[in-house]
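Here the structure is laid out as structure tokens; the discussion comes afterwards.
Numbering (my numbering), first residue to last: -6 to 258.
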């Protein structure tokens, strides 16, 4: 297997010591339900479809480069295939979309289609310009955090910490009210990806168009189509929904709510 190396910063070392004493701040692992892309070899390359406006181009490129520092996966930004801001999914890859989705409460959504219990067959990321065009969120730091985190979910990663008021862990997989130091993955994220993808599968779901593209036409902009609420984070700022489609197939959606929406609940 090809080896890659990522720099271990002093900040990561400090965080590791803190975690040893305060177990409640972050989980020892942060796999999202055991979900993963099926593949027959490591490292593998996952396509990220570019369906974003110019305001997001830099954030998408940075997130792709950051996640490609993993030992087990690479990402490459390619022309998007989503038909509109509705972000229609494409089997075997991730579509990343931006658009003015409205004052519906959410900043970003990551959805994955699952078959066979844990295998990801496609992913979508939606970035809500209705909020990111406001003074609160129209910053490079907020754009970087949400882009990096939502793409990370499509690999099968969960959050390291879901309390927005805790000290930053130096990773985009950590929720925060001040994202200045939470814009990129950290070593714990890369280590968790190695854990998630330590085994190989006999088949692959990567870059494989399938006749059974079962979740492609679900309108995920509409919360009524997200299915059942199965998890809510500290303070209600994040949520996970599952839509059971039968036959071992489901759509799983991670939602990050805007602060304004949370205050109105």
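In this text, a Cβ means the ideal position worked out from N, Cα and C, and glycines have one as well. This one's a predicted model, so the numbers in the text were calculated from it and none came from an experiment.
Remark: C-beta atoms of residue 144 and residue 87 approach each other more closely than 8 Å. Uninterrupted alpha helix (DSSP H) stretches at least 4 residues long and entirely within the region 61 to 126 occur at 122 to 125, given in chain order. Proximity to residue 98 across 106, 89, 81 and 120 peaks at 120, based on C-alpha coordinates. Contact between the region 59 to 74 and the region 224 to 238 is not established, with fewer than three Cβ pairs separated by less than 8 Å.
Your pair residue 83 and residue 29 does not check out as a contact, with CB atoms roughly 18 Å apart and the cut at 8 Å.
Taking the Cα positions, residue 248 is about 32 Å away from residue 195. Rounded to the nearest angstrom, the gap between the Cα atoms of residue 34 and residue 129 is 43 Å. DSSP, read as helix, strand or coil, puts residue 32 in coil. Within the same chain, and ignoring the five residues on either side of residue 113 in sequence, the residues whose Cβ sits closer than 6 Å to its Cβ are 28, 30 and 105. When C-alpha distances from residue 95 are compared across 215, 37 and 107, the shortest belongs to 215. Contact between residue 131 and residue 90 is absent: CB atoms are separated by about 18 Å, not below the 8 Å threshold.
DSSP, reduced to helix, strand and coil, places residue 195 outside both helices and strands of the structure shown, so it counts as coil. Take the alpha-carbon of residue 245 and the one of residue 237: they are about 9 Å apart. Shown here, residue 151 sits in coil according to DSSP, grouped into three states, outside any helix or strand.
Straight through space, the alpha carbons of residue 174 and residue 159 are spaced by roughly 13 Å. Closest in C-alpha terms to residue 41, from the list 57, 161 and 47, comes 57.
Our two residues, residue 176 and residue 72, have alpha carbons roughly 24 Å apart in a direct line. Residue 184 is not a Cβ neighbour of residue 166, given a cutoff of 8 Å. C-alpha of residue 147 to C-alpha of residue 116: approximately 6 Å in a straight line.
Put simply, of 107, 123, 109 and 81 the residue whose alpha carbon is nearest the alpha carbon of residue 101 is 123. For residue 125, the CB contacts under 6 Å within the same chain, skipping 5 residues up- and downstream, are 131 in chain order. The criterion of a C-beta distance shorter than 8 Å is not satisfied by residue 199 and residue 81.
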